[in-house]
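Down below is the structure, laid out as structure tokens.
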Amino acid sequence: MAEFDVATAAVQAALDAGARYADARVMHRRYESMSARNGEIESLIQDESAGIGVRALVGSGWGFYAVPDLSESAARAAGERAARIAAASGRVAGPGSSLLPVPASTGSWSSPCAVDPLSVPLSEKGDLLARATGTSREHGADQAEGLYQIWDTRKWFVSSEGHRIDQHIRESGAGISATVIGDGETQRRSYPSCRGQYGSQGWELVDSLDLTAHAARIAEEARELVTAPLCPAGETTLILGSEQMALQIHESVGHAIELDRILGWEAAFAGTSWLDLDQLGALRYGSELMNVTIDPTIPGALGSFGFDDEGTPAAKRDAVREGRWVGTLAGRDSAAIAGLDYAGSVRSDGWARLPMVRMTNVGLEPGPHTLDEIIAATDDGVLMDLNRSWSIDDKRLNFQFGCEIGWEVKNGRRGRMLRNPTYTGIGPQFWRSMDMLSSETVAWGTPNCGKGQPGQIGHTGHPAAPARFTNVRVGVRG
Numbered sequence: 002m003a004e005f006d007v008a009t010a011a012v013q014a015a016l017d018a019g020a021r022y023a024d025a026r027v028m029h030r031r032y033e034s035m036s037a038r039n040g041e042i043e044s045l046i047q048d049e050s051a052g053i054g055v056r057a058l059v060g061s062g063w064g065f066y067a068v069p070d071l072s073e074s075a076a077r078a079a080g081e082r083a084a085r086i087a088a089a090s091g092r093v094a095g096p097g098s099s100l101l102p103v104p105a106s107t108g109s110w111s112s113p114c115a116v117d118p119l120s121v122p123l124s125e126k127g128d129l130l131a132r133a134t135g136t137s138r139e140h141g142a143d144q145a146e147g148l149y150q151i152w153d154t155r156k157w158f159v160s161s162e163g164h165r166i167d168q169h170i171r172e173s174g175a176g177i178s179a180t181v182i183g184d185g186e187t188q189r190r191s192y193p194s195c196r197g198q199y200g201s202q203g204w205e206l207v208d209s210l211d212l213t214a215h216a217a218r219i220a221e222e223a224r225e226l227v228t229a230p231l232c233p234a235g236e237t238t239l240i241l242g243s244e245q246m247a248l249q250i251h252e253s254v255g256h257a258i259e260l261d262r263i264l265g266w267e268a269a270f271a272g273t274s275w276l277d278l279d280q281l282g283a284l285r286y287g288s289e290l291m292n293v294t295i296d297p298t299i300p301g302a303l304g305s306f307g308f309d310d311e312g313t314p315a316a317k318r319d320a321v322r323e324g325r326w327v328g329t330l331a332g333r334d335s336a337a338i339a340g341l342d343y344a345g346s347v348r349s350d351g352w353a354r355l356p357m358v359r360m361t362n363v364g365l366e367p368g369p370h371t372l373d374e375i376i377a378a379t380d381d382g383v384l385m386d387l388n389r390s391w392s393i394d395d396k397r398l399n400f401q402f403g404c405e406i407g408w409e410v411k412n413g414r415r416g417r418m419l420r421n422p423t424y425t426g427i428g429p430q431f432w433r434s435m436d437m438l439s440s441e442t443v444a445w446g447t448p449n450c451g452k453g454q455p456g457q458i459g460h461t462g463h464p465a466a467p468a469r470f471t472n473v474r475v476g477v478r479g
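Everything in the sequence shown is counted per the numbering used here, starting at 2 for the first residue and increasing by one.
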């Protein structure tokens, strides 16, 4: 059967079994990754899977069932099973819940792709990783590693409200790292970040990274870091590069504004949020320079799509405007409970997982400055970039982050390199101290955001630019 027919059969079976609402997602995904170490290919993974996942709503209870079988009989059985699970859940879940009304969308969407990443010969991809890691090794790295990853995902979505949507999303990215082992000290430098750089684009993204051109530099910087002075401890002015800013946004804004966390639905595992819905529209989250958007429409960014996994069309909206908290990441059920008039942020990581509230592209709008101007305006401070470690509490409030590299800033100039730079803060206090923000935005992609039980890995995007923060504790040990 055609994919839409399979999904339609599953939805009808759920309705026949008593569901008041049902939807089904047929998904087909191909995945490929290759890794290299010290100029040699270490692994190649190629995987392919297809199946159907069905959601059903009976009273207030949700049910979900998935099978790796796209026959009509299997799809109908999955729909019936999802409805039975929903009915059982509803008996203990209380009064019936509602869904935020959305138009029944029909349409197709594809991510931009100039070069199909799965069509690029494996030999060419392998040569790239071998050459880049070999170059790092030749320039002093004790361990040089490289990785690329590719996802090619097709989705067909049907709902009992009339949705009929298909999407084709191709994602790719890559990165390299160089590690140097010294006397009681190990340092690593990465390019373009510790996770690489990823987007909903084709192989042209990997080509644009020019990995080999940066391989020597990261090896030499890693070796220099081994003997560099420690980041001093104390309270100072902190400048963060765009990659670390992306991590800061992800951890202390993106997760905090997930509505399921705010409502307590993720308390058992992922955690809650320090935000209170009663303060939406009034809470001062950061300084007036802080403008954060939720925007799954950014071409080529990793968190982009045409429709979320509930069929809601992608749309840009504000999360923080001039420092005030004004929006959340929401789904149709959580939005209805919270009294919001928007959803659009529900996704799953595959056909076998229940869709849930996830980040899309959560990013900081550019400011009026440049990094050079920020440094020139700083008499005494520290510049840090490229995330190395992260720790944040389950309310997404208190955090401590470490970076791969730091530099002393004195009298408006970047000075000596610093090793093991760290900083700590409390979310709203930290963001309220942001007094300079660059216009040099990069849409960083995070391909490894974990959430849910069973665990799901989400792909998120974070437009970010360098920024300056005042009175920040740095050089935190332990």
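Each residue gets a CB set at the ideal place from its N, CA and C atoms; glycine is no exception.
Could you check what DSSP says for residue i in three-state terms: helix, strand or coil?
{"i": "H370", "result": "strand"}
{"i": "D167", "result": "strand"}
{"i": "V7", "result": "helix"}
{"i": "L45", "result": "strand"}
{"i": "T423", "result": "strand"}
{"i": "S36", "result": "strand"}
{"i": "R132", "result": "helix"}
{"i": "V121", "result": "coil"}
{"i": "G456", "result": "coil"}
{"i": "E236", "result": "strand"}
{"i": "A327", "result": "The sequence shown places Val at residue 327, not Ala. Three-state DSSP puts V327 in coil, outside helix and strand."}
{"i": "I250", "result": "helix"}
{"i": "F431", "result": "helix"}
What number of angstroms, rounded off, separates the C-alpha of residue i from the C-alpha of residue j?
{"i": "M418", "j": "C232", "result": "9 Å"}
{"i": "F158", "j": "D373", "result": "47 Å"}
{"i": "G64", "j": "R285", "result": "38 Å"}
{"i": "S335", "j": "Y32", "result": "32 Å"}
{"i": "P113", "j": "Y199", "result": "13 Å"}
{"i": "G255", "j": "A223", "result": "31 Å"}
{"i": "G203", "j": "Q13", "result": "36 Å"}
{"i": "L358", "j": "A88", "result": "Strictly speaking, residue 358 in this sequence is Val, with Leu absent from that position. Roughly 23 Å between the two C-alpha positions."}
{"i": "H164", "j": "E49", "result": "26 Å"}
{"i": "V59", "j": "A378", "result": "60 Å"}
{"i": "R138", "j": "N399", "result": "38 Å"}
{"i": "K396", "j": "W275", "result": "5 Å"}
{"i": "V475", "j": "P422", "result": "7 Å"}
{"i": "I393", "j": "T371", "result": "29 Å"}
{"i": "M385", "j": "I375", "result": "13 Å"}
{"i": "H463", "j": "D17", "result": "42 Å"}
{"i": "L45", "j": "A37", "result": "9 Å"}
{"i": "K317", "j": "L260", "result": "17 Å"}
{"i": "S161", "j": "R77", "result": "14 Å"}
{"i": "E323", "j": "G287", "result": "8 Å"}
{"i": "L438", "j": "L148", "result": "32 Å"}
Could you check which residue in the options has the C-alpha nearest to that of residue i?
{"i": "G174", "options": "V477, E374, P448, E236", "result": "P448"}
{"i": "V477", "options": "G185, G60, Y424", "result": "Y424"}
{"i": "C195", "options": "R420, N388, T107, A89", "result": "N388"}
{"i": "R30", "options": "D153, S111, A316, E41", "result": "D153"}
{"i": "W326", "options": "V55, P314, A337, A283", "result": "A283"}
{"i": "I258", "options": "T294, G176, V7, S160", "result": "T294"}
{"i": "D208", "options": "P193, M28, I250, E221", "result": "P193"}
{"i": "Q454", "options": "G272, D386, S191", "result": "G272"}
{"i": "V227", "options": "T180, S346, R318", "result": "T180"}
{"i": "A234", "options": "S434, S253, E409, G19", "result": "E409"}
{"i": "Q510", "options": "G176, R348, P230", "result": "Nothing about residue 510 can be reported from this structure: the residues present for the chain run from 2 to 479 only."}
{"i": "G312", "options": "W110, G368, R132, S440", "result": "W110"}
{"i": "H140", "options": "A220, R82, S61, I151", "result": "A220"}
{"i": "T461", "options": "I42, D309, D70", "result": "D309"}
{"i": "P122", "options": "G456, D277, M35", "result": "M35"}
{"i": "G332", "options": "A468, D70, L101, T442", "result": "L101"}
{"i": "L355", "options": "P314, A105, M28", "result": "M28"}
{"i": "R469", "options": "V68, R433, H169, E405", "result": "R433"}
{"i": "E244", "options": "R132, T107, C404", "result": "C404"}
Here's the rule I'm using: 16 or more other beta-carbon atoms within 10 Å means buried, otherwise exposed. How should residue i be labelled?
{"i": "N412", "result": "exposed"}
{"i": "A214", "result": "exposed"}
{"i": "F270", "result": "exposed"}
{"i": "G459", "result": "buried"}
{"i": "M246", "result": "buried"}
{"i": "R414", "result": "exposed"}
{"i": "G340", "result": "exposed"}
Do residue j and residue i count as a contact pair if the criterion is CB distance below 8 Å?
{"i": "L365", "j": "A466", "result": "yes"}
{"i": "L206", "j": "V383", "result": "no"}
{"i": "E236", "j": "N472", "result": "yes"}
{"i": "R85", "j": "W352", "result": "no"}
{"i": "F306", "j": "P300", "result": "no"}
{"i": "L248", "j": "W391", "result": "yes"}
{"i": "I263", "j": "T329", "result": "yes"}
{"i": "A11", "j": "G80", "result": "yes"}
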